[in-house]
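Working notes, beginning with the structure itself.
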Amino acid sequence: SRRFKLPPNEAMGNYHLAWIEAETGDRSKGLNLMAALYDRVTAIGPIILLYKVMYVDQMLRAGRAQEALAVADRAVTELRCPDRGLVLSELLRLRGECLFALGRGDEGRPELVRAEAMANRDGAELLRLRAANSLYNAVGEASRPVLKAAFTAIAAGWHGQDVLTARALLSG
Numbered sequence: 024s025r026r027f028k029l030p031p032n033e034a035m036g037n038y039h040l041a042w043i044e045a046e047t048g049d050r051s052k053g054l055n056l057m058a059a060l061y062d063r064v065t066a067i068g069p070i071i072l073l074y075k076v077m078y079v080d081q082m083l084r085a086g087r088a089q090e091a092l093a094v095a096d097r098a099v100t101e102l103r104c105p106d107r108g109l110v111l112s113e114l115l116r117l118r119g120e121c122l123f124a125l126g127r128g129d130e131g132r133p134e135l136v137r138a139e140a141m142a143n144r145d146g147a148e149l150l151r152l153r154a155a156n157s158l159y160n161a162v163g164e165a166s167r168p169v170l171k172a173a174f175t176a177i178a179a180g181w182h183g184q185d186v187l188t189a190r191a192l193l194s195g
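This is the structure we're talking about:
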């Protein structure tokens, strides 16, 4: 992208590299790199919401729930279509997890319920399972039917960490 003078593409590529660093290496270093590129990668492009979700997720994993919630809240207010988006259910799930992490479960539970319902409506089975896992972790047995339905819808075709997590929750 440097060779062809495509700064937006370079920023997006570097953002992905920063996310990989945060995910698999030094989370603090990766988050710092993501923060430096955040405004550039969320200014234009077809997957702006994905970049916001990636950042919120890494901040939450780093224990920075308050900052993650602020970014998630800002992302929600900037939505052009508040009920549509490739990874909108994941943003809502992360927002709900932030609220639970901050001791605000009464606000977080509806976000997790909304995230699961939206992913289900959109046919996003993996995102539905992630939301159902989060809901079960947050509220327990009351959400077992939701988790069981999400797990049943995806279990045959997937073997990733989210499926393993759901299987463990349902068998525990």
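As numbered in our numbering, residues 24 to 195 make up the sequence shown, in order. Here a beta-carbon is modelled for each residue, glycine too, at the ideal position from N, C-alpha and C.
Check: Taking buried to mean at least 16 other C-beta atoms within 10 Å of its own C-beta, is D80 buried or exposed?; Outcome: buried
Check: Comparing C-alpha positions only, which one of A155, D145, G163, N32 sits nearest to L109?; Outcome: D145
Check: Ignoring anything shorter than 3 residues or poking outside the region 46-92, list the beta strand (DSSP E) runs there in chain order.; Outcome: none
Check: Beta carbon of E139, beta carbon of R151: below 7 Å?; Outcome: yes
Check: Hey, could you find the ends of the alpha helix (DSSP H) V162 is sitting in?; Outcome: 148-162
Check: Using a Cβ-Cβ cut-off of 7 Å (strictly less than) and excluding sequence neighbours within five positions of D185, which residues of its own chain qualify?; Outcome: L149, L152, R153, N156
Check: So the alpha helix (DSSP H) V186 belongs to, where does it begin and stop?; Outcome: 184-194
Check: Do L102 and A91 count as a contact pair if the criterion is CB distance below 7 Å?; Outcome: no
Check: Distance check for A93 and C121, CA to CA, integer angstroms please.; Outcome: 9 Å
Check: Grouping DSSP H, G and I as helix and E and B as strand, with all else coil, what is C121?; Outcome: helix
Check: Buried or exposed, going by whether 16 or more other CB atoms sit within 10 Å of the CB of L29?; Outcome: exposed
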